Amino acid sequence: MTGFRYVLIFGIILILAGCSSPKALLWEISHDSLENPSYLYGTVHVLGESDFIMHENAETALSASEQLVLELNPTSPDVQSELIKAMAMTDGQTLQSILGDDFDAVAAVFADSFNLDLNQLNRIKPFFVASMIIPKLLNEAAKSYELVFIEKAVGLGIGIAELETVADQVGALDQMSHEEQAEMLRTTAFEIQEQREMFKYLVELYHQEDIKKLNKASVELSDMQDFEAALLTKRNQNWIPLIETFIKEKSSFIAVGAAHLAGDEGVIKLLKEAGYKLTPLPSSGVNMLK
Numbered sequence: 285m286t287g288f289r290y291v292l293i294f295g296i297i298l299i300l301a302g303c304s305s306p307k308a309l310l311w312e313i314s315h316d317s318l319e320n321p322s323y324l325y326g327t328v329h330v331l332g333e334s335d336f337i338m339h340e341n342a343e344t345a346l347s348a349s350e351q352l353v354l355e356l357n358p359t360s361p362d363v364q365s366e367l368i369k370a371m372a373m374t375d376g377q378t379l380q381s382i383l384g385d386d387f388d389a390v391a392a393v394f395a396d397s398f399n400l401d402l403n404q405l406n407r408i409k410p411f412f413v414a415s416m417i418i419p420k421l422l423n424e425a426a427k428s429y430e431l432v433f434i435e436k437a438v439g440l441g442i443g444i445a446e447l448e449t450v451a452d453q454v455g456a457l458d459q460m461s462h463e464e465q466a467e468m469l470r471t472t473a474f475e476i477q478e479q480r481e482m483f484k485y486l487v488e489l490y491h492q493e494d495i496k497k498l499n500k501a502s503v504e505l506s507d508m509q510d511f512e513a514a515l516l517t518k519r520n521q522n523w524i525p526l527i528e529t530f531i532k533e534k535s536s537f538i539a540v541g542a543a544h545l546a547g548d549e550g551v552i553k554l555l556k557e558a559g560y561k562l563t564p565l566p567s568s569g570v571n572m573l574k
């Protein structure tokens, strides 16, 4: 298994982290010191439109909250400009120099299957190039929980806060060398159908709200153990004091990649260790978007 699995899971953007967690994507956060509860929700950053579900309990929790908290607000103008800068390789390397003899074959697949010209993307970090094809693997229009939540938050007139900056996220990604990231491109080019099947399996686990199995499958399929500390564990730890500040100030709906929920270093357990009560709120099965 190779690194491209991680792109599907992280999904710039699906990241997922095993404990014996109940099956639930939505969790209520409560504490004697809090006037009102807050909520933690696990997302998939990119899904096909037919797979996208908004359960009634999530919409109710967001409506009851005073602010939305995301890993990063993708609609922020600063985020977009900073991300564009962060995508470029500045060490003189190119996709062609990293991929070597495989460049032409990989480029041909990207052009034929995804309508992407690697020559025009030659100085973009391999991870970001690989992430560009995720929506194209879906065979349908893509949809984002973050963007839907932002739209609903604007409609509700509530604020939007962030847990980290572009520099934080890119710093975690840069723990992978360009050569390691380049394996994502090779995997994409030569195992397209396998990627689609794997993504379908992870989506099924997501719909089952089985964050334990989802975490286990994502880590095993992505071969991301060497980077788990930087990409999951450290970020989770960094988020806890920020989450505490947010929920003490006002009731918050915190939406992060579902992989961050479970595990010994997952957000659920870390919040429990900080003294908070985490109550699972399984969905009712009602899709509010239908």
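Numbering follows my numbering, in which position 289 of the sequence shown is assigned residue number 573; successive positions increment by one, without gaps. All residues carry an ideal CB built from backbone N, CA and C; glycine is no exception. Predicted model, so just to flag it, every value in this text is computed and none were measured.
Per DSSP, Gly443 lies in no alpha helix (DSSP H); the unbroken beta strand (DSSP E) holding it starts and ends at Gly443 to Glu446. In this chain, the beta strand (DSSP E) harbouring Tyr323 covers Ser322 to Thr327. A direct Cα-Cα distance of roughly 34 Å separates His544 from Phe387.
Within its own chain, the residues whose Cβ lies closer than 6 Å to the Cβ of Val487, once the five positions on either side in sequence are excluded, are Asp335, listed in chain order. Between Leu331 and Lys427, the gap from beta carbon to beta carbon is short of 8 Å. If you ignore the 5 residues before and after Ile442, its C-beta comes within less than 8 Å of the C-beta of Ser349, Glu350, Gln351 and Leu352, all in its own chain and listed in chain order.
Shown here, Lys518 sits in a helix according to DSSP, grouped into three states. In terms of Cβ geometry, Leu562 and Gln521 do not form a close pair [threshold 8 Å].
Each residue's CA atom was taken as its position, placing Ile552 and Glu493 some 15 Å apart. The DSSP-derived three-state label of Phe412 is helix.
Judged by their CB atoms, Leu356 and Glu448 are nearer to each other than the 8 Å cut-off. For Ser536, no alpha helix (DSSP H) segment is defined; the enclosing uninterrupted segment is the beta strand (DSSP E) at Ser536 to Gly541. In this structure the stretch 307–324 does not lie against the stretch 411–426, because fewer than three pairs of beta carbons, one per stretch, are closer than 8 Å.
About 25 Å separates the Cβ atoms of Val432 and Ala370, ruling out a contact at the 8 Å cut-off. In the DSSP assignment, Ile313 falls outside any alpha helix (DSSP H) and within the unbroken beta strand (DSSP E) covering Leu310 to Ser314. In this structure, Ile408 keeps its C-beta atom at 8 Å or more from the C-beta atom of His462. Collapsing the DSSP output to three states places Pro419 in a helix.
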